[in-house]
Every structure is written in C-alpha cells, then in structure tokens.
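Shown next, in structure tokens, is the structure this report addresses.
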Amino acid sequence: MIKLTIDGRKLKAEEKATILDVARDNNIYIPTLCFNEAVAPYGACRLCLVEIARGGRKRLVASCLYEVEEGLQVKTNSERIANNRRLVMELLLARCPNNRAIQDLARQLGVEKTSFKLEDNQCILCALCVRVCQEVVGVSAISLVNRGVDRQMATPFYEPSDVCIGCGSCAYVCPTQAIKFEDVGDTRLITMPNNKMEFKLKRCKTCGNYWAPKKQLDYIIKKVDLASDAFDNCPDCRG
Ligand code: SF4
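In the working numbering, the protein residues as written are 14 to 252.
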C-alpha cells in the first residue's frame with residue numbers, strides 16, 4: 014500500500030491508483046466533467062487539478078491521471094487551485110454559455126460570468142463520448158476532428174456513420190447533454206452537434222413494442238455469437 018496525505022488526512026491507497034480514485038474512495042470532492050470510471054482517464058477538462066508537494070516543490074496536476082506516490086502530499090482546495098478552476102470554468106462558460114450543466118457547475122465554483130468571448134456550443138470537447146464508443150461499445154463511430162478553434166466531435170466527414178449502432182451510450186455519458194437521443198415510433202433519433210442519425214427499432218414479437226435499434230441487436234448477436242432470434246422478444250416479454 015502507498016501512504017499519502019490529502020487535505021491533511023493520512024490515507025492508504027493501492028499502487029497505480031490515481032489521486033482522483035483515492036479522493037473519491039474517501040469522500041473527498043474533486044470536480045470533474047470528462048471523467049467516467051468506464052473508460053481510461055483523459056485529462057481533458059482540467060477541472061480535477063490538485064496541488065501536489067514533493068521535496069519542497071509544489072505543482073498542479075490532473076488528479077484523474079496522476080498516480081499516487083509514497084509520501085505524496087495533496088491539496089484539493091487551495092487558493093491556487095480555486096483560481097485555476099475558476100479560469101477553466103470561465104473558458105467553458107464562454108464556450109457553452111447556454112448549457113445548463115456548465116452554468117450549474119460554474120455557479121457552484123463561484124463563477125457567475127466570463128471575461129472571454131462568448132460562443133454558442135453545447136459540446137466541451139471532453140471526448141468522453143468518443144472514448145465510450147471506442148472502449149466500451151467497441152465501434153469507434155465518432156472522433157475529435159480538426160485542430161484549434163475548429164476542433165469538433167464528429168462522425169467521419171460529418172455524414173451519418175456506417176458503423177454507429179444507435180446504442181445511445183455516447184448520449185448517456187455526455188456531461189453536457191450535447192448528444193441527444195429519443196425513440197419516436199419505430200425510429201431512434203440520435204442528434205449530435207454536427208448531424209442527425211436515424212435507426213429502425215426492433216419490434217417485440219410478443220407485446221409489439223419497439224424496444225431497441227435493430228443495428229445494435231445485430232451487433233450484439235454477432236459479437237457474442239447468439240442465436241439469430243435471441244432478441245425477438247423485448248426484456249419484459251422474455252421468459
Ligand atoms: S450511438 Fe453510435 S456513436 Fe454513440 S456510442 Fe453508440 S455506436 Fe458510438
């Protein structure tokens with residue numbers, strides 16, 4: 014076990030645990046937007062910055078990426094951290110001034126307005142959707158494209174993706190609800206910042222309800238080698 018101190022509390026942690034892991038395990042709050050336990054950390058949003066001290070040197074690190082070390086001293090809420098988080102939040106608020114999740118978090122961190130030029134986005138480019146699609150779903154239907162101010166999350170060539178299965182996982186994990194999906198009749202609509210996609214839903218043989226995208230069910234059947242009729246019935250009607 015590794016011994017470290019967070020906000021004056023002496024703690025023990027497994028090797029390879031990150032500072033964020035240990036903080037969460039010990040009910041120490043560190044704000045995050047781009048973190049999700051289901052995928053590898055990425056350090057995109059920079060909200061989880063903490064201050065570490067080793068050998069008389071202090072510096073800020075992303076707690077979702079920084080692995081614990083013996084004797085490490087961590088502060089999660091110094092004035093320097095608060096100033097950095099407020100700066101990050103001001104930048105996010107300028108990028109997404111009309112997004113409820115960003116407005117709420119900004120308020121929570123004491124940021125009421127931003128001094129940066131206002132844009133009108135919903136996506137903060139945290140790539141959580143991209144990572145979930147790739148690492149959890151195993152599809153890689155979306156990615157971050159372009160550089161600098163033109164950076165965007167998109168499907169290839171901004172066209173409806175051939176490989177997207179309409180599962181909606183990207184929408185579930187998006188911290189700012191920049192991706193939306195809804196089922197209307199026999200169709201699932203997925204709306205991304207740069208395009209819309211439609212997927213036909215499978216109808217349950219027993220109750221007649223439309224319940225999941227055919228493409229998603231076909232993908233699961235192939236991936237785990239199920240019988241072709243494995244999803245003829247919805248979960249409610251399965252025996
Ligand atoms: S809906 Fe499409 S883009 Fe979103 S996670 Fe599923 S496969 Fe990936």
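All C-beta atoms in this analysis are idealised placements derived from N, C-alpha and C, irrespective of residue type, glycine included. Quantities reported herein were computed from a predicted structural model and do not represent experimental measurements.
A residue is called buried once 16 or more other Cβ atoms fall within 10 Å of its Cβ, and residue 220, having fewer, is exposed. For residue 196, the three-state secondary structure derived from DSSP is strand. Listed by position in the chain, the residues whose beta carbon lies within less than 5 Å of some heavy atom of the ligand SF4 are 146, 150, 152, 154, 155, 177, 178, 180, 182 and 183. Going by DSSP, residue 92 is part of the alpha helix (DSSP H) stretching over 92 to 108.
For residue 191, the secondary structure class from DSSP, reduced to helix, strand or coil, is coil. Under DSSP, no beta-bridge partner is assigned to residue 37. Within the model, the alpha-carbon separation for residue 193 versus residue 199 is close to 17 Å. Residue 17 is bridged by DSSP to 24.
Residues 146, 168, 174, 176 and 177 of the same chain have their beta carbon placed closer than 7 Å to that of residue 154, with the five preceding and five following residues left out of the count.
Excluding five sequence positions before and after residue 212, the CB atoms of its chain that fall closer than 6 Å to its own CB belong to 179, 201, 226 and 228, given in chain order.
8 Å or more divides the Cβ of residue 124 from the Cβ of residue 89. Residue burial is scored here from C-beta neighbours: residue 22 has fewer than 16 other C-beta atoms within 10 angstroms and is therefore classed as exposed.
The residues 80, in chain order, have a CB closer than 7 Å to that of residue 29 in the same chain once the five nearest residues on each side in sequence are set aside. Within the model, the alpha-carbon separation for residue 75 versus residue 172 is close to 34 Å.
Nearest C-alpha to residue 112 among 132, 99, 72 and 235: 132.
Residue 130 has no beta-bridge partner at all, per DSSP.
In this structure, the beta-carbon distance from residue 196 to residue 223 falls below 8 Å. For the options 170, 134 and 144, the alpha carbon positioned closest to that of residue 54 is the one of 144.
Taking the C-beta atoms as reference points, residue 139 is found nearer than 8 Å to residue 188. For residue 156, no alpha helix (DSSP H) run applies; the uninterrupted beta strand (DSSP E) run containing it begins and ends at 156 to 158, by DSSP.
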